[in-house]
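For reference, the structure discussed in these notes is given below.
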Amino acid sequence: MAKTMNLSLRNSSLRLLTLLNILARSGGTVRALQSIDHYYRIGWQLAMFIDYLSYIWGVREGFEDVIAIHRRYNVIPVGYEKPISLIHLVNISPRSRRWLYSVIVELLYKLNLRRKVFLTRGFKPDVIISFHEDLPYLYLASELKNLYSAPAISFLQLPPFYGDKTRMRNIEEACLLHRRLLADSWFETAFKTILNFLTIKDPKEYTKDVNALLNSLDMVIAVSKATVIDMQKVQRNIVYMDPGVSLDSNAMDIIGRVRALNIPREDYIAFIGRSMDCEKGFAEALIAFKFLLKEFPSLKLLVTGVISPKFERGVYRFLKKYLGVDKSKVVFTGFVNREDLYKLIRRSRLILYPSHEDSYSLAVSESLMLETPIIAYRIPALEIYYGNIEDKGIWLVKEGDIEKLVGVAIKVLELERRKELKVKFPRIRPIDDIMREEVELINRVLK
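Note that the working numbering gives residue 233 to position 226 of the sequence shown, counting from 1, and the numbers run on in steps of one.
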C-alpha cells in the first residue's frame with residue numbers, strides 16, 4: 008500500500024524530458040501532441056529538448072509553432088541540438104540558407120558535425136520520452152539517458168526498419184517513383200547522389216545500429232500491433248498498444264457536426280496527405296487518377312497537405328510529361344483546418360490511399376466516419392484494424408497493384424453514382440483508454 012502511494016505521489020509531479028518534432032504536420036506529431044496534452048492535464052511537468060531535425064526545420068520555417076506549444080503547456084526549454092557553426096561563417100541569403108540547411112543537413116549529422124546547447128542546466132528528468140523512431144531521435148534519447156542517468160522510453164509511430172524484404176522492396180520502388188515528382192536541378196540531383204553515397208549505410212548495418220539503440224532504452228512502445236509485425240524481429244523491451252492511436256474528443260465532435268450538415272457529394276476524389284513522404288504513394292495515386300479519367304472525364308483529384316511551390320511544379324511537370332493529364336484536373340488545397348478537411352472528405356466520392364506505411368491510419372478512420380469510401384493497399388496496419396470487408400466501405404488491394412487499385416475505384420464510383428454504396432462507422436478505441444494504458448506503461452518503467 009505504501010509503495011503504491013509513493014508511486015502515486017511521485018507521478019503527480021513527474022518530470023518528463025520529451026523529444027518530438029512539433030513542426031511536422033504528420034500523424035505521428037498529432038499522436039505525440041495528444042500525449043503531451045494528457046501529461047499536462049494530469050499534472051506532469053514537461054520539458055523539451057529540440058532535436059537536430061526540428062532545429063533545422065525551425066531555421067527553415069520559423070519557430071512560432073514551437074513557441075506556441077511551449078506556452079500552452081508551460082514547457083521548460085532544456086536545450087537543442089544544432090549543426091556546428093561552419094555554415095554561419097558566410098553571409099548568405101535566406102533562400103540559399105534554406106537550401107543549404109535542406110541539402111547538407113544529413114551529411115553534417117552523419118559526420119558528427121553537431122553540438123548540443125543547454126538552456127536549462129538545473130532540470131533533472133524522472134524519465135526521457137522520444138515520440139519518434141527516426142535514427143536521430145533514438146540517438147538523442149540514448150545520449151540523454153546516459154547524460155541524466157534517467158530511464159528512457161521511445162515510441163515507434165512507424166517501423167524503424169522492415170523485416171519483410173517484399174515490403175521493403177515495394178517501399179523502395181515507391182520512393183524511386185516519387186523522385187519523378189521532385190523538380191530538382193541537375194546540380195541538386197548530383198549533390199544528393201553524392202550525399203547518399205557518402206551517408207547511406209548498408210541496410211543490414213543500419214538495422215544493426217537501430218537494434219542496438221532500441222536495446223539501450225528501458226522501454227520501446229509501438230503504437231500498433233502492425234509495427235512489430237512489419238519489423239518481424241522484436242526486442243525484449245518492446246511492447247505494443249493495440250492500437251495506441253485514435254481520434255480525440257474534439258475531432259469526434261467536429262465529425263458529428265459535419266455529418267449532420269448533409270453535405271452533397273461533388274465530382275472529385277481526394278488524396279489525404281498530411282505529409283508527402285514517398286511512402287504515402289502519391290505518385291501512384293496520380294497514375295491511378297490518369298486511368299480513372301478515361302472512365303470519368305469530369306473527375307478531379309483534390310490533394311490536401313502542405314507542399315512547397317517547387318514540389319507543386321514538379322507534380323505538374325510529371326502530369327504533363329509522363330501522364331498527359333491537364334494540371335487543372337489536380338487541385339492542391341494546401342493546409343486546411345480540421346473542420347474544412349472533414350467537409351472536403353465528406354464531399355469526396357472516394358479517397359485514394361495507396362500508402363505503403365502506416366501503423367493505424369487516422370485518415371482511414373476519418374474517411375469512414377464521414378461515410379466516404381476508401382481504396383487502399385493491403386498492408387498489415389489496414390488489414391488488422393479495418394479488414395477487407397467491402398460492406399464496411401474500405402477496399403484493400405495488393406500492395407503496388409495500381410491496375411487493381413483503378414479497377415476497384417471504378418467499381419466503387421459506379422456504386423456511388425447509383426447510390427448503392429454503404430459505408431459503416433468504424434469501431435475505434437477511446438483516446439482516454441489509450442492514455443490510461445500509456446501512463447501505466449510509463450509507471451512500469453519507473454517502478
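Think of the CB as a built atom: it goes at the ideal place given N, C-alpha and C, for glycine as much as any other residue.
Count the other C-beta atoms from every protein chain shown that fall within 10 angstroms of the C-beta of residue i, then say buried if there are 16 or more, exposed otherwise.
i    : result
N177 : buried
R281 : buried
D365 : buried
P166 : buried
L293 : buried
T36  : buried
V338 : exposed
I49  : exposed
G69  : exposed
A290 : buried
I91  : exposed
S42  : buried
L205 : Caution is warranted here: a pLDDT of 48 is assigned to L205, below 50, making its placement in the model unreliable, and the coordinate value is therefore given only provisionally. So L205 ends up on the exposed side.
T379 : buried
L96  : Note on L96: pLDDT 39, under 50, position unreliable in the model; no value is reported.
D58  : buried
L268 : exposed
E140 : buried
R174 : buried
E459 : Past the boundaries of the shown model lies residue 459; the chain is included only from 8 to 454, so the question cannot be answered.
G394 : exposed
Do residue i and residue j have their C-beta atoms closer together than 7 Å?
i    : j    : result
L330 : K301 : no
R38  : V343 : no
R356 : L403 : no
E88  : R121 : yes
I401 : I381 : yes
L369 : P433 : no
T278 : V310 : Inspection of the sequence shows that residue 278 is occupied by Phe rather than by Thr. It is a contact, given that the beta carbons lie within the stated cut-off.
P459 : Y392 : For the chain, the structure presents residues 8 to 454; residue 459 sits outside this window and is missing.
Y146 : P132 : no
E273 : R354 : yes
A159 : A148 : yes
S372 : I435 : yes
L21  : P143 : no
P387 : A233 : yes
V452 : D225 : yes
A295 : V124 : no
L308 : I276 : yes
E410 : H363 : no
Below 8 Å on the Cβ atoms is my contact criterion, and I expect residue i with residue j to pass it. Report the Cβ-Cβ distance as a whole number of Å.
i    : j    : result
M259 : E444 : Their Cβ separation, rounded to whole angstroms, is 19 Å, which puts M259 and E444 out of contact at 8 Å.
V313 : G341 : 6 Å
V322 : L188 : 5 Å
I29  : I76  : 5 Å
N81  : L53  : 7 Å
D171 : D216 : Between D216 and D171 the Cβ distance is about 20 Å, and since that is not below 8 Å, they are no contact.
L367 : P250 : Checking the sequence, you will find Tyr at residue 367 rather than Leu. The pair is a contact, with the Cβ atoms about 5 Å apart (cut-off 8 Å).
K431 : K399 : 5 Å
L299 : A219 : About 46 Å separates the two Cβ atoms, so there is no contact after all.
I449 : D255 : Their Cβ separation, rounded to whole angstroms, is 19 Å, which puts I449 and D255 out of contact at 8 Å.
K45  : M442 : Reading the sequence as shown, one finds His at residue 45 and not Lys. Rounded, the Cβ-Cβ distance is 4 Å, consistent with contact.
L151 : F56  : 7 Å
R266 : L377 : 7 Å
If we define contact as Cβ-Cβ less than 7 Å, is residue i a contact residue for chain C?
i   : result
Y59 : As a matter of chain content, chain C is missing from the structure shown, which is built from one protein chain.
For this session: Indicate whether the contact test is met: 3 or more Cβ pairs, each with one atom in the region 238 to 245 and one in the region 260 to 277, closer than 8 Å.
Result: Touching, no, given that fewer than three Cβ pairs across the two stretches are closer than 8 Å.
Exercise. Are three or more beta carbon pairs between the region 131 to 145 and the region 25 to 44 nearer than 8 Å?
Worked result: For the pair of segments examined, the region 131 to 145 was found to touch the region 25 to 44: the number of CB pairs separated by less than 8 Å reaches three.
Exercise. At a cut of 8 Å, does the region 157 to 165 reach the region 215 to 230 through at least three beta carbon pairs?
Worked result: Contact holds: three or more Cβ-Cβ distances are below 8 Å.
Exercise. Could you give the uninterrupted runs of the alpha helix (DSSP H) lying entirely in the region 327 to 401, keeping only those of 4 residues or more?
Worked result: DSSP runs (the alpha helix (DSSP H)) wholly in the region 327 to 401: 345 to 354, 369 to 376 and 387 to 393.
Problem set entry | In chain order, each beta strand (DSSP E) run of at least 3 residues that lies wholly inside the region 143 to 186 | Qualifying beta strand (DSSP E) stretches, in chain order: 159 to 163.
Problem set entry | Continuous beta strand (DSSP E) assignments of at least 3 residues falling wholly in the region 260 to 288 | DSSP runs (the beta strand (DSSP E)) wholly in the region 260 to 288: 275 to 279.
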